[in-house]
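Data first, discussion second: the structure below is written as structure tokens.
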Amino acid sequence: MSKVRVLAGTRKGAFVMESDGKRERWNISGPHFAGFELYHVKGSPADPNRLYASQSSSWFGQLIQRSNDGGKTWETVGNKFVYDGVPGTHQWYDGTPHPWEFKRVWHLEPSLTDPDTVYAGVEDAAMFKSTDGGQTWEELSGLRGHGSGSSWAPGAGGMCLHTILLDPSNPQRMFIAISAAGAFRTDDAGKTWKPINRGLHSQTMPDPDAEVGHCVHRIAMHRSRTNTLFMQKHWDVLRTDNAGELWKEVSGNLPTDFGFVIDVHAHEPETIYVIPIKSDGEHFVPEAKLRVYRSRTGGNEWEALTKGLPQSDCYVNVLRDAMAIDSLDKCGVYFGTTGGQVYASADAGDTWAPIVRDLPAVLSVEVQTLP
Amino acid sequence: MIRVVLPAHLRTLAHVDGEVMLAVEGPVTQRSVLDALEARYPMLSGTLRDHITKQRRPFVRFFACEEDLSHESPDAPLPEAVANGTEPFLVVGAIAGG
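Listed below in structure tokens is the structure:
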């Protein structure tokens with residue numbers, strides 16, 4: 003019978019949760035790296051026992067951890083992230099130039115085919131690649147060298163490259179997203195990049211339709227339809243069907259279109275999930291109700307999924323890397339909250355139950371479907 | 004031998020209990036002690052000082068003999084009591100909440 007392994011990064015450590023295919027009873031281990039912020043933990047699709055974790059603290063900086071046994075033991079690997087050349091400046095919050103400074107790794111994306119190849123999305127925004135299992139890192143500097151970097155600016159969480167999507171049908175193609183610069187695409191394995199933000203409209207910018215500067219919170223893709231992407235922007239939920247050449251809004255009947263996470267059903271490319279958050283000034287769920295919204299039509303028409311989720315007195319947020327979907331026949335959906343709950347649905351969102359309720363604030367959730 | 008006391012998180016990271024004992028060649032300075040520390044425990048590289056500039060991380064401080072040595076030159080000699088092993092070199096995480 004298949005199993006699943008959920009990897010949760012929190013403000014004070016990482017947790018590994020395993021269950022059989024029923025996804026009812028869970029074995030939880032952790033905290034791993036207790037006391038550190040774990041922005042992201044993710045497994046290699048090519049070797050599910052190979053995990054990578056981004057461990058950081060204000061005191062001791064960035065560390066990268068690697069496991070070869072599914073999270074039972076870990077080893078510290080390379081943490082030397084050095085920008086290629088003179089990094090230059092980006093915009094500060096007030097629009098003045100500010101020097102590029104490495105702060106932390108937000109997202110680790112292992113290669114689809116090689117367990118030793120892994121990409122890192124970092125703050126201040128840049129993309130790094132390792133081909134030796136995380137021991138050494140080299141910047142894919144074509145992204146920062148695109149020419150628009152001086153107009154990128156930090157969102158409230160910092161100027162982070164937080165999403166990396168690898169196209170399973172084309173190893174030369176990747177999509178990334180940066181807060182607050184927007185989405186970018188490479189068609190040559192990271193040498194050159196193109197901003198793909200046409201159709202985005204952001205009132206927080208002097209030119210709401212500018213090529214770059216948009217605060218994209220998350221993008222998601224179904225592996226069978228890689229020209230279609232879904233986006234949760236600061237405000238607005240959008241989709242593109244031409245690999246980012248043009249986006250259109252699909253917020254439809256959502257109670258608010260502010261939010262962080264967005265993800266796609268494992269077997270239904272037009273079924274997508276978001277968790278609306280009240281506003282950019284009130285980072286908690288609207289009406290004190292924790293509701294996942296599902297669209298079976300690729301957006302515009304949304305239904306609230308509430309069974310098993312708190313429907314009163316709830317004031318949590320769900321951060322951008324904190325939703326994941328397994329690939330069992332009836333796909334599981336998982337998300338973690340800033341209140342420390344990790345919820346699971348074993349029926350594609352119809353019903354929910356907590357795996358655990360009282361972790362430190364959850365920063366990221368990933369899931370591996372294991373044989 | 005130079006005695007170094009690490010904060011709890013770095014002891015965990017380096018898989019050590021209690022004080023670290025280091026042999027340091029030549030003058031005993033912050034730089035030579037940290038070089039020896041990082042050589043013996045490579046996982047600590049980058050946690051106390053920048054990989055490239057070697058500047059102390061802002062939330063890390065260095066104490067010895069009841070003195071704050073954080074702002075001394077990294078090449079200044081450490082107190083004799085540290086050099087001869089009577090007193091430890093203390094690496095301290097700044098009190099900053101969290």
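Heads up: the protein sequence lines correspond to chains A and B, in order.
Take any residue in the first sequence, note its place counting from 1, add 2, and you have its number in the numbering used here.
Take any residue in the second sequence, note its place counting from 1, add 3, and you have its number in the numbering used here.
C-beta: ideal position from N, C-alpha, C; glycine also.
What residues from chain A crowd round residue i, counting only those whose CB sits closer than 7 angstroms?
i, result
"Gly96 of chain B", "Trp61"
"Arg43 of chain B", "By Cβ distance, chain A contributes nothing, its closest Cβ being about 14 angstroms from Arg43 of chain B, past 7 angstroms."
In chain B, which residues lie less than 8 angstroms from residue i when you measure between Cβ atoms?
i, result
"Val84 of chain A", "His54 and Ile55"
Which residues in the same chain as residue i place their Cβ atom closer than 6 angstroms to its Cβ, once the five residues preceding and following it in sequence are excluded?
i, result
"Phe38 of chain A", "Gln57 and Ser59"
"Glu20 of chain A", "Arg7 and Asn29"
"Gly184 of chain A", "Pro197, Asn199, Val214, His216 and Val218"
"Ile180 of chain A", "Ala127 and Leu163"
CA-CA distance, residue i and residue j?
i, j, result
"Pro61 of chain B", "Gly21 of chain B", "24 angstroms"
"Ser253 of chain A", "Ala182 of chain A", "20 angstroms"
"Ala67 of chain B", "Pro82 of chain B", "8 angstroms"
"His224 of chain A", "His267 of chain A", "8 angstroms"
"Leu40 of chain B", "Arg52 of chain B", "12 angstroms"
"Val369 of chain A", "Lys44 of chain A", "8 angstroms"
"Val27 of chain B", "Arg241 of chain A", "60 angstroms"
"Leu13 of chain B", "Gly96 of chain B", "10 angstroms"
"Gln67 of chain A", "Glu111 of chain A", "14 angstroms"
"Asp22 of chain A", "Ala363 of chain A", "25 angstroms"
"Ala306 of chain A", "Arg293 of chain A", "6 angstroms"
"Met24 of chain B", "Pro50 of chain A", "39 angstroms"
"Asp360 of chain A", "Gln343 of chain A", "6 angstroms"
"Asn244 of chain A", "Thr228 of chain A", "9 angstroms"
Kindly list, in the order they appear in chain A, the residues whose Cβ is closer than 8 angstroms to that of residue i.
i, result
"His12 of chain B", "Gly37, Phe38, Ser59, Trp61 and Phe62"
"Arg60 of chain B", "Trp61, Phe62 and Gly63"
"Val63 of chain B", "Trp61 and Phe62"
Going by the CB atoms, is the gap between residue j and residue i shorter than 8 angstroms?
i, j, result
"Leu365 of chain A", "Ala324 of chain A", "yes"
"His219 of chain A", "Gly283 of chain A", "no"
"Leu40 of chain A", "Gly15 of chain A", "yes"
"Val120 of chain A", "Phe83 of chain A", "no"
"Thr50 of chain B", "Phe62 of chain A", "yes"
"Leu114 of chain A", "Leu168 of chain A", "yes"
Would you list the one or two residues that DSSP bridges to residue i?
i, result
"Glu70 of chain B", "B:Ala67"
"Arg227 of chain A", "A:His224"
"Gln57 of chain A", "A:Leu40 and A:Leu65"
"Trp237 of chain A", "A:Phe260"
"Arg187 of chain A", "A:Phe177 and A:Lys196"
Going by beta carbon distance, what residues of the same chain come within less than 8 angstroms of residue i, once the five residues before and after it are set aside?
i, result
"Glu247 of chain A", "Ile198 and Arg200"
"Phe286 of chain A", "Ile279, Lys280, Cys316, Tyr317, Val318 and Asn319"
"Pro101 of chain A", "Pro89, Gly90 and Thr91"
"Met46 of chain B", "Leu16 and Ala17"
"Ala158 of chain A", "Asp282"
Given residue i, which residues of its chain have a CB within under 7 angstroms of its CB, disregarding the five upstream and five downstream residues?
i, result
"Val88 of chain A", "none"
"Gly101 of chain B", "Note that Gly101 of chain B scores a pLDDT of 49, beneath 50, so its modelled location is shaky and nothing firm can be said."
"Gly136 of chain A", "Tyr54, Ile66, Arg68, Val79, Gly80 and Val120"
Quick one: which chain B residues come within Cβ less than 7 angstroms of residue i?
i, result
"Thr78 of chain A", "Leu16 and Met46"
For residue i, which residues in chain B fall below 9 angstroms Cβ to Cβ?
i, result
"Asn81 of chain A", "Met46, Ser48, Gly49, Thr50 and His54"
For residue i, which residues in chain A fall below 9 angstroms Cβ to Cβ?
i, result
"Val19 of chain B", "Those within 9 angstroms of Val19 of chain B in chain A number zero; the least Cβ separation is about 13 angstroms."
Does the CB of residue i have a neighbour CB from chain E at under 8 angstroms?
i, result
"Ile98 of chain B", "The chain labelled as chain E is not found among the protein chains of the depicted structure, namely A and B."
Is residue i near the ligand MN, with its Cβ less than 7 angstroms from a heavy atom?
i, result
"Leu142 of chain A", "Annotation note on the ligand MN: not contained in the displayed structure, which lists no ligands."
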